[in-house]
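Residue numbers (my numbering), protein chains in the order written: chain W, 24 to 125; chain B, 24 to 125. Quick notes on the structure that follows.
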DNA sequence: ACTTACCGTAAGCCATGACTTACGATATGA
DNA sequence: TCATATCGTAAGTCATGGCTTACGGTAAGT
């Protein structure tokens, strides 16, 4: 659940697609494999990356495994951006200060 | 400036590091290359990716090229997360509705 | 004009990543 | 118990990505 894992997970278009799909409705692996034009193991691997990043969670249902969104998973990203914004802002203020100093 | 370019740019730890560094203070290429333990061309390539993603902007200063933060560059990411949150939320509401239906 | 400083790009190398097929494991139903 | 459904993982393949060295190009100073 590091920044690295989250951003790496979000870097792949197919994973973002899967994520959005699961966000609107929890799905099984085979269900996802049907909609995307790749093999089932490929989907499984993507789901592992998304899950390890904290963006998904699983609940077994018989032989199926239903993947659903972890609604707090994207919060670190927001925090990252916010902290970033603060950095840029204070740096900008410092810049202004230095300018007025001259 | 697509989602793909932005998330790909943010996926690399070194690029996130560079981004944060430039956020606190605009810098030249050689300056960055000194602090990171890689060659100058490597930094140049990272800067190109970050710039193409809309996260940085350049202003030539003599022979130097000063890279600075584009403060609006991360806004699409926030928008992406927000839209996502909405999707998950409405889906969750639908789920509740379906549950009460049973 | 010449040298120096600073930089972007091309070409090549090597690790990483996304995909496939093959296999093994678990839960369900007859 | 046996067959079926569903899935995760291992191994191998091919494209992508980050790095290096080599080269060329522009701005400033003498």
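C-beta: ideal position from N, C-alpha, C; glycine also.
At a C-beta separation below 7 Å, residue 33 of chain W has these neighbours in chain B: 30.
Pairing residue 77 of chain W with residue 80 of chain B, the inter-Cα distance amounts to about 32 Å.
Taking each of B:94, B:107, B:73 in turn and checking the Cα distance to residue 98 of chain W, the smallest one comes out for B:107. Per DSSP, reduced to three states, the secondary structure at residue 42 of chain W is helical.
Annotation: Cβ neighbours of residue 100 of chain W in chain B (cutoff 8 Å, chain order): 100, 104. Annotated as distal: residue 32 of chain B and residue 31 of chain W, with beta-carbon spacing of 8 Å or more.
Between residue 90 of chain B and residue 29 of chain B, the C-beta spacing is not below 8 Å. If you look at residue 81 of chain B, you'll find it in the beta strand (DSSP E) that goes 79–84. For residue 58 of chain W, the uninterrupted alpha helix (DSSP H) run begins and ends at 52–58, by DSSP. Counting of Cβ neighbours within 10 angstroms places residue 50 of chain W among the buried residues, the total reaching 16 or more. Of all alpha-carbon atoms in B:87, B:93, B:92, B:103, the one lying nearest the alpha-carbon of residue 63 of chain B is that of B:87. Comparing alpha carbon positions, the residue from W:25, W:27, W:70, W:94 closest to residue 47 of chain W is W:94.
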